[in-house]
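This report refers to the structure that appears directly beneath it.
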Amino acid sequence: MSGNVIAVTGLAREARIARRAKLTPVISGTDGELLTRRLEAAVAQGAKGIVSFGIAGALVPLLKIGDVVVATHVVHGDERYPTDAEWTRVIRAKLPSAVPGVIAGHDQIVSHVDGKRRLLSLTGAFAVDMESHIAARSAARHGIPFVAIRSISDAYNRGLPPAAQLPLKPSGRIQLRKVFASVANEPSQIPDLMRTGREAGRAFSALLRSRNALGLFLGCPYLG
Numbered sequence: 009m010s011g012n013v014i015a016v017t018g019l020a021r022e023a024r025i026a027r028r029a030k031l032t033p034v035i036s037g038t039d040g041e042l043l044t045r046r047l048e049a050a051v052a053q054g055a056k057g058i059v060s061f062g063i064a065g066a067l068v069p070l071l072k073i074g075d076v077v078v079a080t081h082v083v084h085g086d087e088r089y090p091t092d093a094e095w096t097r098v099i100r101a102k103l104p105s106a107v108p109g110v111i112a113g114h115d116q117i118v119s120h121v122d123g124k125r126r127l128l129s130l131t132g133a134f135a136v137d138m139e140s141h142i143a144a145r146s147a148a149r150h151g152i153p154f155v156a157i158r159s160i161s162d163a164y165n166r167g168l169p170p171a172a173q174l175p176l177k178p179s180g181r182i183q184l185r186k187v188f189a190s191v192a193n194e195p196s197q198i199p200d201l202m203r204t205g206r207e208a209g210r211a212f213s214a215l216l217r218s219r220n221a222l223g224l225f226l227g228c229p230y231l232g
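Numbers given in my numbering equal positions in the sequence shown, counted from 1, plus 8.
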């Protein structure tokens, strides 16, 4: 089996999980323009597939913390990108409990419940993240098979505390000094921040289980 499959992630922790499946991670660090440049450079090296792989926020009550969504489409504004049918079929066969649905891409963190409701009303999507639309756009531009696998880290009726909304380093790592400063400035957020961390941990565990079930290259059927 040979070929290169790119995993588009936002966080360094997501990238570490992806690497164990022999994927090539491209990390956004919550910077869409940086992700676009990095992804174009990676695609130029050759790619048999692109997967958006990581955690996401729920937009619907159906999805609970740790649930896995396998995208049927990715939407962003007027853009709508279908996922690759055959690869998605393989993924769903190996992840029978995963939920099929539309994933919305968004250029900023959707940190408040009102924002989630608005995005659901506009798109009908089940979940939202900051990378899937960029990955889907690049895949469509270059004619590369694309899928998206996302585990839920925050429920539809949960917002994020200020410290969890801070931008990441370009490496996808948390800027700890800024987190500590945010907590010092607003210590009342500590319970919500601890809850957010626990729920993210459950989402990462679900992502890891999904990777293990799918195996190398997350089941991409287009490798020679």
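Positions of the beta carbon are idealized from the N, C-alpha and C atoms, including for glycine.
message: Quick check: what's the CA-CA separation for Lys124 versus Glu207?
response: Taking the straight line from one Cα to the other gives about 18 angstroms.
task: State the start and end residues of the unbroken beta strand (DSSP E) segment that holds His141.
output: Note, His141: premise wrong, no beta strand (DSSP E); alpha helix (DSSP H) at 140 to 150.
field: Closest Cα partner of His105 within the set Thr44, Leu71, Gly227, Ala171
entry: According to the sequence as given, residue 105 is Ser; it is not His. Comparing Cα-Cα distances from Ser105 to each of Thr44, Leu71, Gly227, Ala171, the minimum goes to Leu71.
- request: Note down the Cα distance separating Leu216 from Ile198, rounded to an integer number of angstroms.
  value: If I take the Cα positions, the gap works out to 27 angstroms.
field: Alpha carbon of Gly65 to alpha carbon of Ala52, nearest angstrom
entry: So the two alpha carbons sit approximately 31 angstroms from each other.
query: Which runs of the alpha helix (DSSP H) fall wholly inside the stretch 10 to 76 and span at least 4 residues, in chain order?
result: The qualifying runs are 20 to 27, 40 to 52.
- request: Let me know the secondary structure DSSP gives Phe154 once reduced to three states.
  value: Strand at Phe154.
task: Spell out a yes or no on whether the stretch 169 to 181 and the stretch 20 to 38 are touching, meaning 3 or more CB-CB pairs, one atom from each, closer than 8 angstroms.
output: As far as the Cβ criterion goes, the stretch 169 to 181 touches the stretch 20 to 38, which means the pair count is three or higher.
message: Whole angstroms are fine: how far does the CA of Val136 sit from the CA of Gly223?
response: Rounded to whole angstroms, Gly223 to Val136 spans 25 angstroms at the Cα level.
- prompt: What does Val78 pair with, by DSSP beta-bridge criteria?
  reply: When beta bridges are read from the DSSP output, Val78 appears opposite Pro108, Ile157.
Pick from Thr32, Leu67, Glu41, Gly40 that is closest to Gly54, judged by C-alpha positions: Nearest C-alpha to Gly54: Thr32.
- prompt: How would you write the range of the beta strand (DSSP E) that Val136 sits in, first residue to last?
  reply: Run containing Val136: 135 to 137, per the beta strand (DSSP E) assignment.
field: Residues near Leu128 by beta carbon distance below 7 angstroms, same chain, minus five either side
entry: Setting aside the 5 residues that flank it on each side, Leu128 is surrounded in the same chain by Leu67, Val68, each with a C-beta closer than 7 angstroms to its C-beta; the list follows chain order.
query: Which of the three DSSP states, helix, strand or coil, is assigned to Val121?
result: Here Val121 sits in helix by DSSP.
- request: Could you tell me whether the stretch 56 to 65 touches the stretch 153 to 163, where touching means 3 or more Cβ pairs closer than 8 angstroms?
  value: Flag = yes, the stretch 56 to 65 and the stretch 153 to 163 touch.
- request: For Tyr89, write down the residues that DSSP places opposite it in a beta bridge.
  value: Beta-bridge pairing by DSSP links Tyr89 to Val82.
query: Do you know offhand how far Ala274's Cα is from Lys186's?
result: An answer regarding residue 274 cannot be provided, because it is not within the stretch 9 to 232 covered by the chain.
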